[in-house]
Amino acid sequence: MGKRAPNPSQKALMVISSEEPRTNSSNKEGNDLDKLRKAGAIILGKASLSEWFKFRSLSGVPNGWCARSGQGVNPYCPSGSPCGSSSGCAISVAANMVAVSLGTETHCSIICPADHNSVVRLKPTVGLTSRTGIIPMTPLWDTVGPICRNVTDAVYMLDVIVGSDPRDEVTLDAAKYIPEGTEPKLIEVAYALEQFSKVRRPPSVVESLSLFGWLHCYAFSIKEATISDLQLAFSQNQLTSRQLVKFYLGEISRLNPVLKGVIEINPDALLEADKADHERNKAKELARSLSMLHGVPILLKDNIATKDNLNTTAGSFSLLGSVVPRDAGIVTKLRKAGVIVLGKASLSEWAHSRALKAPNGWSPRGGQGKNPYVLSADPCGSSSGSAISVAANLVSVSIGTETRGSILCPASSNAVVGIKPTVGLTSRAGVIPITPRQDTVGPIGRTVADAVHVLDAIVGFDHNDAAATGAAAKYVPPGGYTQFLQVDGLKGKRIGIVRDPFFNFTNNPTLAQAFEKHIQTLRRQGAVLVDNVNIANLETILDFNLSGEESAVLAELKIALNAYLKELVDSPVRSLADIIMFNQNNSELEMLEEFGQDIFLAAEATNEIGDKELKALKNLSRLTNEGYVKLMKKYKLDALVTAGPGVAAVLAIGGFPAISVPAAYDKGVPIGICFSGLKGSEPKLIEIAYAFEQATLIRKPPTFLS
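Those letters in the sequence shown? Residues 1 to 706, by full-length UniProt numbering.
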């Protein structure tokens, strides 16, 4: 026979209700405490409770109060009731003071505190667990049950404590219910609901209150809160936009000196929050609905223009103090949706178009951005600050831009969701450009749903980017993109897998195992997988010089950047040549000696779009059609799946969309899985990405490892 699996409760730290006896020396074998000790549990201590289960006095004794320990506090809502009488059992488990606990119930004394403290409670049939040694109320109703953070832990506890006890006659009769009673069915239902909904979140309100005494009570954690969570809290008057903005400002003050994800705070952020709160109150009076983004703070990458008191500099001192003519096209749409512009996110300077040697996430104005999971790891770029800030809960959502991997790569490296839209689906007007042929603007969020809510707000025609947004307008679905957030979105989808080079983990068994498991998840969720497909001429496409992309982009950069600079109302620089000269004159400020400006110099040496550039553009079109497009059409694929952001170069030259979703961690450093498709395939990509996310739930908050 094989070895028997150890009992899950062995060596588990736990607290028991103060109604339990201090020791089991005076009790015969059979009570709950004896069973727990026999199972190997470690009794950490006694939990507080409502004194005498609130039966000492009908009035004046609050829930969770007793003379010995004082008033118990709800870890989610310190001014709210923790309920009772097993208040301490629920509080301690909810606040991670202990693994599991044991409470007693006569009338709602397990059920109520579990409800109020967001934990799982299991009130057994009377007699299923022994009441021997328990300070009693009435044997007719008294029962003993577990309180835990999940259903599985509660069931492990229940398994240990059920059974007959000669000193409690009711247990002899109830023994027939093991496991024939209703408990098995209740456990099945509860476990299925828990796994489907994944509602529980750890309390962070106590931590927040210790940092910010002004924060009022609300029954959820701002950290990791989704847009839906925030809107629910707004609607229930549990949270205001002012409180939310203050929370994020506090987190930025605390963490940004290290992470450097935020380059500038909007001095009017609190005024915008007050305006949002006023609008929400009026809307409630008039029974009028508001946008899903209304009152939600957002960070914009510092190459996205805002006509307010914020600078738009692409991380360079050369543009500090410049005045833009108007909000960027997507900013106009976001303001219309009611967002609060919290500030500007840091980035790789000039979206990494100044110098090849400049590190990801670095700019003269912003400093070196840090990966919040492993501080020494690459945060990637160029939308580094947009991803860092969302990952570290410095903001709800953010906006990034991509020319060649600048959303997908930082999203992958910082365990957030990044959407690179089809080129033209979102306006680039007012965005400091590299090349209009490849530039796109997209959302970054902690969940697919959050990113999609932002996408819904920023897509559509803009007369200041008429050609691109007009051509892509046909791709915007009636009713928006949130309708495609379907948990069964993988069912029937044809997904191609390019193993080489995107799943080449021969030297990393951890990632190899993780992504192989993900491929099986795609299959189990109903996807039709077409394995080991290849993109023609992939090596050429991935080579920036050999493909011709370098020649085209350098010429396009000079043309587009000069046009942007000339349109500024006021600016220290008016051309690429001016920027180069500024850097030379301010070499220490711009760290010219360390990193140079080779890309800028090469771009300045170009002269419009000549024969060389036209040849390069023609070659890029050929590579796209013979490679990615041909593959997708040949196998009738809905999407291509790749590990990490390596496919970004292929998508860049074709203007194709993609979504990166958190997928794994390698020594603490995140890596994403990328789903990409042909132009306008966002609806299918959202279905696929959302279904994958919900089936795996890989993302976890950052660890800030050094």
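Heads up, the beta-carbon is just placed ideally off N, CA and C, and yes, glycines get one too. Note that this is a predicted model, so its numbers are computed, not measured.
DSSP places PRO572 in no beta strand (DSSP E); its state is neither H nor E. When DSSP reads this structure, GLU264 sits in a beta bridge with LYS344. Counted as a single uninterrupted DSSP element, the alpha helix (DSSP H) harbouring PRO184 occupies residues 183–197. ILE688 is not a Cβ neighbour of LEU485, given a cutoff of 8 Å. For VAL155, the closest alpha carbon among the candidates GLY127, GLY381, SER197 and ALA190 is that of ALA190. The closest CA to that of CYS77, considering only ILE458, THR143, SER85 and ALA233, is found on ALA233.
Cβ atoms of SER398 and SER389 come within 8 Å of each other, at about 6 Å.
Remark: C-beta atoms of LEU255 and LEU394 approach each other more closely than 8 Å.
Annotation: the continuous beta strand (DSSP E) that includes GLU402 extends over 397–402. Shown here for ALA603: same chain residues with a beta carbon closer than 7 Å to its own, the five before and five after excluded, namely LEU554, LEU557, LYS558 and LEU576 in chain order. Distance between ARG354 and ASP488, taken at the CA atoms: about 44 Å. Comparing alpha carbon positions, the residue from THR152, VAL151 and THR435 closest to ILE609 is THR435.
In the displayed model, GLU224 falls within coil according to three-state DSSP, outside both helix and strand.
Counting only residues of its own chain and dropping the five nearest sequence neighbours on each side, ASP531 has a CB closer than 6 Å to the CB of ILE497. With contacts defined as CB atoms closer than 8 Å, GLY369 and LEU300 fail to qualify as a contacting pair. Within the model, the alpha-carbon separation for ARG428 versus GLY88 is close to 55 Å. No Cβ-Cβ contact shorter than 8 Å links ASP159 with THR104. Contact check for GLY430 against SER346 fails: the beta carbons are separated by 8 Å or more. Straight-line spacing of the CA atoms in ARG131 and ASN74 works out to 27 Å. With fewer than 16 other beta carbons inside 10 angstroms of its own, GLY526 counts as exposed.
Counting only the Cα atoms, VAL416 lies some 26 Å from VAL528. Beta-bridge annotation (DSSP): PRO297 is paired with ILE340. Between the alpha carbons of ALA225 and SER396 lies a gap of roughly 8 Å. Taking C-beta atoms as the reference points, GLY668 and LEU697 fail to come closer than 8 Å. In this structure, the straight-line span from the alpha carbon of ALA536 to that of ASN607 is close to 32 Å. In the DSSP secondary-structure assignment, GLY442 is bridged to GLY400. A Cβ-Cβ contact shorter than 8 Å links ARG200 with ARG149. One thing to note: CYS66 has its Cβ no nearer than 8 Å to the Cβ of HIS116.
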